[in-house]
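For reference, the structure is listed below as C-alpha cells.
Numbering (UniProt numbering), first residue to last: 1 to 92.
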C-alpha cells in the first residue's frame, strides 16, 4: 500500500528475502467465513438463551420514518398472557 499524505518518500533498501516479511491478506475471505460459522455454531449451542429482564412483545414502529424498524414493546396484554399461560410476573 502506498504511503498517503505529506510524508517522506520511501526509498527503502531491502535486504535479501524481504518477501517473507510482507504481510498478505489472501486468507481474509476464508477467515470471514470461519468467523461466521463459529458465530452461528455458538448461537446454536446456547440457543434458547435467557432474556435479560422482562419478556416484551415485538412491535413495529409507526410513521413513515420508522415503519421498517422492529423494537420491543411496552408489555403484553392480560388476554395474551392467559392464552400463552405465561406468568404475569415474568412478563410485565
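C-beta atoms are modelled at their ideal positions from N, C-alpha and C, and glycine is treated no differently.
Just so we're clear, the structure is a prediction, and the values are computed from it rather than from any experiment.
Closest by C-alpha distance to residue i, when choosing among the options
i	options	result
residue 56	72, 64, 65	72
residue 54	13, 65, 69, 86	86
residue 58	69, 39, 18	69
Cβ separation of residue i and residue j, assumed to be a contact under 8 Å, to the nearest whole Å
i	j	result
residue 81	residue 91	7 Å
residue 60	residue 67	6 Å
Where residue i sits in the DSSP three-state scheme
i	result
residue 30	helix
residue 37	helix
residue 23	coil
- Within the segment 39-86, ranges of the alpha helix (DSSP H) (whole runs, at least 4 residues): Correct list: 63-66, 78-84.
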